[in-house]
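Protein chains: 2
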Amino acid sequence: MEQRISLITLGVADLARARSFYEALGWRGQEVEETVFFQAGGMVLSLWSREKLAADSGVFGLPSGDGFDGIVLAHNVRSTGEVDELVARAEQAGGTVTRAPADTFYGGYAGCVADPDGHLWEIAFNPGFPLAEDGSLHLPDLGGADGADAS
Amino acid sequence: MEQRISLITLGVADLARARSFYEALGWRGQEVEETVFFQAGGMVLSLWSREKLAADSGVFGLPSGDGFDGIVLAHNVRSTGEVDELVARAEQAGGTVTRAPADTFYGGYAGCVADPDGHLWEIAFNPGFPLAEDGSLHLPDLGGADGADAS
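If you read the protein sequences in the order shown, they are chains A and X.
When we follow the numbering used here, the leftmost residue of the first sequence carries the number 1, and every step to the right adds one.
When we follow the numbering used here, the leftmost residue of the second sequence carries the number 1001, and every step to the right adds one.
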């Protein structure tokens, strides 16, 4: 496993409110399918519905008090085989598989594992987000609205 | 505000257990003052006591069910003045200051702000962790035990 994080997804109750907050700080992102992606150095910070994030991660999140961090870290890899290997390795290491590796709605393949403290990692192969040779992730043009267009 | 994250700190109940998990996945870090720091691309993933992390962030965390994510993102800047400016700007943008900017135990200066969904950001000036020109953070030799020595 290369020592890097590809994305951090923050679960949010109101996407427009969350996006406005980060835009007021000067961040500019791309919005696609009710997700906002911000390039952040060699990785990506994204905003997505907290409830969808919980469901997608195999935990069932409510706004608070359920033990769900409301944040998911993602480690992207270069093949479906690497997803299977890494999820299995994390389970052997004491992690809990919350979503077994499977095809994803975005055309990739991914599984989710909680570390011993319940912090969630998605291990993902996403052909739409190719990794650079050094493992960094640079967003392609997603064809969505950029920050400058938003109110 | 430059569009980047300097550190992600995961609050953990048992540092040795958490460190062992990440080491079993192949990660190697440095442990200093009951904190483990892993270089992760141009940023740092760290492990620290969940209760200390909550207290340090100005929230009062219990192991679960308290609305504390258990994760804090840090955005490091290059001066104490930038900390004050950015914390004020985040508050104006709708964030909640959970810890007003002040000197820190590690010889820096920092404040903490919760975004509208309660996700915590530490805005920090840390002279011990200088930023590269591109804003990336590369750990210096902290003089602590490295991962190869552990377990």
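Glycine included, each C-beta is placed from N, C-alpha and C at the ideal position.
For clarity, every value in this text was computed on a predicted model and none was experimentally measured.
Output the distance between the C-alpha atoms of Asp1069(X) and Val1087(X), rounded to the nearest integer angstrom.
-> 20 Å
Which residues of chain X have a Cβ atom closer than 8 Å to the Cβ of Ile8(A), listed in chain order?
-> Ile1005, Ile1008, Leu1073
Through-space distance from Leu1073(X) to Gln39(A), alpha-carbon basis | 15 Å
For Ala55(A) and chain X, any beta-carbon pair shorter than 8 Å?
-> no
Simplified DSSP state of Leu10(A), which is helix, strand or coil = strand
For Phe38(A): DSSP bridge partner residues | Leu45(A)
Option in Pro1116(X), Ser1006(X), Glu1034(X) with minimal Cα separation from Gly42(A) = Ser1006(X)
Which residue's Cα is closest to the Cα of Gly1128(X): Val1012(X), Gly1058(X), Val1032(X)?
-> Val1032(X)
Near-chain X residues of the stretch 28-48 of chain A - C-beta to any C-beta below 8 Å = Arg28, Phe38, Gln39, Ala40, Gly41, Gly42, Met43, Leu45
Neighbourhood of Ala100(A) by C-beta distance below 7 Å, restricted to the same chain and skipping five residues each side = Gly111
Which residue from Met1(A), Leu47(A), Arg89(A) puts its Cα closest to that of Glu23(A)?
-> Leu47(A)
For Arg4(A), is the classification buried or exposed, using 16 other Cβ atoms within 10 angstroms of its Cβ as the cut-off for buried?
-> buried
Cα separation between Ala1114(X) and Pro1140(X)?
-> 28 Å
Does any residue of chain X bring its CB to less than 8 Å from the CB of Pro116(A)?
-> yes
Partners in chain A for Asp1084(X), counting only beta-carbon separations shorter than 8 Å = Result: empty, since nearest Cβ-Cβ is about 15 Å, beyond 8 Å.
Just the chain X side, please: which residues come within less than 9 Å of Gly94(A) by C-beta, in chain order?
-> Arg1017, Ser1020, Phe1021, Ala1024
What residues from chain A crowd round Ala1013(X), counting only those whose CB sits closer than 7 Å?
-> Asp117
Could you tell me whether any Cβ in chain X is nearer than 8 Å to the Cβ of Asp103(A)?
-> no
Since Val1072(X) is in the beta strand (DSSP E), which residue starts that stretch and which ends it?
-> 1071-1077
Compare the C-beta of Asp141(A) with all C-beta atoms of chain X and state if any pair is closer than 8 Å.
-> no
Gly95(A) classed as buried or exposed, judged by whether at least 16 other C-beta atoms fall within 10 angstroms | buried
Helix, strand or coil at Asp117(A) according to DSSP, with G and I counted as helix | coil
In terms of DSSP beta bridges, what is Gly1111(X) paired with?
-> Ile1123(X)
For Phe125(A) and Glu85(A), believed in contact at Cβ under 8 Å, the rounded distance | So it is not a contact: roughly 11 Å between Cβ atoms.
Where does Ser57(A) land, buried or exposed, given buried means 16+ other C-beta within 10 angstroms?
-> buried
Would you tell me roughly how many angstroms separate the C-alpha atoms of His138(A) and Glu1133(X), rounded to the nearest one?
-> 19 Å
Give the single residue among Leu1120(X), Val1044(X), Gly1135(X), Gly1143(X) whose Cα lies nearest to the Cα of Ala1054(X).
-> Leu1120(X)
For Ala110(A) and chain X, any beta-carbon pair shorter than 8 Å?
-> no
Residue range of the beta strand (DSSP E) that includes Gln30(A) = 30-32
Proximity below 8 Å, CB of Ala1090(X) to CB of Leu25(A) = yes
Neighbourhood of Met1001(X) by C-beta distance below 8 Å, restricted to the same chain and skipping five residues each side = His1075, Leu1086, Arg1089
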